[in-house]
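Contents: one structure, followed by commentary.
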Amino acid sequence: MLMIGTWVGLTFMPVQRAHSRAYLAVVLGRPPRLLEVWRHFFAFANFLMLKLRAGRGAPVRCALEPENAAAFDALVGSAKPALFGTFHFGGSDLLGYLLGERGRRVSIIRLRVGNSDDTRLLGQRFDDKVSFLWINDPANLLFDLKAAIEAGDSLALKCDRLEFSAKTEPFRFLGADRLFPFTIYHLAVLFDRPVVFCTAVPEGAKDEMRVFASPVFTPDPAAGRAANLGAARAHFQAVLVQLETLVRQHPLLWFNFLPLNPATPFVAP
């Protein structure tokens, strides 16, 4: 039934189909076949089912890759609020919720849409640890962010889509210098919060994910804003190198059915 539904979605979503085809052409280096576009849609449908199962209480097992695991575990186990970044890739959308199982109080930055049953169910499952900051009203978002941080919450936010980002900068990704949101690092410097990125790839048995953590970026209050942002740019570029490696290994798990981040001439900051 899911396979049939995917064909229906592919037929009646021409805009998303076109964006999928354009993205796959970049990552594969050739025009994709129709079946490959269908597999892209089908991978996303499978992930939506995983989120629905998780929202209904099914356990999701996360295996953290050894690289950077010690620093990530130390940060998660500490009392210090942090900024957790991720992307619309693989199972990464679940990671903010699963931080609640590690004892973290997390505010997840999301776009409110009318058909988010997955968000509603996951919010109910982790109600005591997870809250939402809705970006539909950008005028109030900064106040909500400040209140959440001052209350000791960690923040979880995705850093690949440009629609609601006030701060963007070019970084090397998929063969070009492309614009990415950079707001998470401005928040880190402003509020003295560490930043770590995580991505997750579904793997092995049902409802299992392999999680890749980045090194932890910690602002240095003595270094000054310019120096901290310079270090942040180097950190985020390394994060994107790791992400590109995973995207090329698993091209169907890039769940942005939107135009690929636009290429732009690089201008040194």
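Position 143 (the sequence shown) corresponds to 152 in the numbering used here; numbering is contiguous.
We put the beta carbon where it would ideally sit given N, CA and C, even for glycine.
- Our two residues, E172 and P190, have alpha carbons roughly 9 angstroms apart in a direct line.
- Rounded to whole angstroms, the gap between the alpha carbons of E217 and I193 is 28 angstroms.
- Two segments are said to touch when three or more pairs of C-beta atoms, one from each, lie closer than 8 angstroms; by this definition the region 192-207 touches the region 89-98.
- Taken through DSSP and simplified to helix, strand or coil, F173 comes out as coil.
- Between L108 and V69 the beta-carbon gap is near 12 angstroms, outside 8 angstroms, which marks them as no contact.
- Contact between the region 260-271 and the region 159-175 is present, with at least three C-beta pairs closer than 8 angstroms.
- Pairing V24 with G99 gives a Cβ-Cβ distance that is not under 8 angstroms.
- Across the structure, A83 and L19 are spaced so that their CA atoms are roughly 43 angstroms apart.
- In this chain, the alpha helix (DSSP H) harbouring G64 covers 43-64.
- Excluding five sequence positions before and after S87, none of the CB atoms of its chain fall closer than 8 angstroms to its own CB.
- Secondary structure note for T208: its beta strand (DSSP E) is the uninterrupted segment 204-211.
- Assignment of beta-bridge partners to C71 by DSSP yields M218.
- Taking the Cα positions, L269 is about 16 angstroms away from T95.
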